[in-house]
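Residue numbers (the numbering used here): 15 to 333. For each residue, glycine too, the CB sits at the ideal point set by N, CA and C. It should be emphasised that the depicted structure is a prediction, and the values quoted were computed from it without experimental measurement.
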Ligand code: GLU
């Protein structure tokens, strides 16, 4: 090739590359939810939608179903998830080295914000004859899959009511989508679940069977709610679910969003900023999110806040 031609080709190639679209590598962000019929999966999915819609040139968010709170905390510890949802009581236990993390306090977990409240529930069908917790003796009860948050709450309630899970009931460890189905199919008599309201896990059985929700109002539950910073004594208002036209007293935790210390500040900052600046969109994406309120969303967390979140909260004067 003559020199002139070579120069032409080089100039052309350089010129073209200057106009070629820059193939920027997107950052993959993995967000752990829980069962597909619960609300955590909606947290992971809806925040992922929000991020992909508003910052899709920079991030590729993936919200995925998981085993629940304990699964998510353990995935955060191993740094396989960037974000995950976990109950406030499980968040506290992990941070302090209690329960599933006995003697092994989790040091790399970071708090991002709180989401919706979740009530501890015992759900049955009318035909089981179960009207109070004591009536579950001799019955087939789902207490939640290992890895879920609700399993601890179920065991705690059983203990308070003096029911031995190994002797007094046949305890199952089904995932919630299986448990909701099993209640309808009469394969179990009741299930425990700790979840935000309304949830598909309860709405769906309410459509096909006469559903009954059992009050969890033992004095020791009220006492527990007074003692523990992550519990509140509350009620599920009448009419929340089809056929349940009475208030159901119980206690509640808060769904928290967690991360780990190695997630870059910019990733957490971008997510937090987008969530708070598009909070109205997020609130509209699921009925359980309607009550979200910024100041409240900074409460109920145990692990230290992630520096990326702190940066935004300071900018807003919330910290
Ligand atoms: N609270 C449940 C758990 O940790 C999940 C509830 C939900 O999926 O909304 O494991």
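- With fewer than 16 other CB atoms across the displayed protein chains lying within 10 angstroms of its CB, residue 304 is exposed.
- Here the alpha carbons of residue 93 and residue 111 stand approximately 18 Å from one another.
- Exposure of residue 222 is indicated by the presence of fewer than 16 other C-beta atoms within 10 angstroms of its C-beta.
- In this structure, residue 302 places its C-beta atom within 8 Å of the C-beta atom of residue 53.
- Judged by the Cβ position, residue 193 fails to qualify as a neighbour of the ligand GLU at the 7 Å threshold, every heavy atom of the ligand being at least this far.
- Spanning the alpha carbons of residue 59 and residue 171 requires a straight line of approximately 31 Å.
- Of the candidates 228, 247 and 283, 228 places its Cα closest to the Cα of residue 262.
- In the DSSP assignment, residue 54 falls within the alpha helix (DSSP H) that extends over 54-69.
- Scanning the region 109-195 for uninterrupted beta strand (DSSP E) segments of 3 residues or longer gives 123-139, 154-156 and 184-186, listed from N- to C-terminal end.
- Taken through DSSP and simplified to helix, strand or coil, residue 83 comes out as helix.
- By the neighbour-count definition (other C-beta atoms within 10 Å, threshold 16), residue 132 is a buried residue.
- Ranked by Cα distance from residue 271, the options 38, 56, 51 and 70 are led by 56.
- Below 8 Å, too few C-beta pairs join the region 277-291 and the region 160-180 to call them touching: fewer than three.
- Exclusion of residue 245 from the 7 Å shell around the ligand GLU follows from its C-beta lying no nearer than that to any non-hydrogen atom of the ligand.
- Annotated three-state conformation of residue 101 is strand, per DSSP.
- With at least 16 other beta carbons inside 10 angstroms of its own, residue 115 counts as buried.
- Around residue 253, the same chain offers 259 as residues with beta carbons nearer than 8 Å, after the five sequence neighbours per side are excluded.
- No Cβ-Cβ contact shorter than 8 Å links residue 159 with residue 77.
- Annotation: residue 311 is outside any alpha helix (DSSP H) and is labelled neither H nor E by DSSP.
- A heavy atom of the ligand GLU is found nearer than 7 Å to the CB of residue 163.
- For residue 94, the secondary structure class from DSSP, reduced to helix, strand or coil, is coil.
- In this structure, residue 87 sits away from residue 274, with a CB-CB distance that is not shorter than 8 Å.
- Residue 237 carries a helical assignment under DSSP once its states are collapsed to helix, strand and coil.
- Going by DSSP, residue 44 is part of the beta strand (DSSP E) stretching over 41-46.
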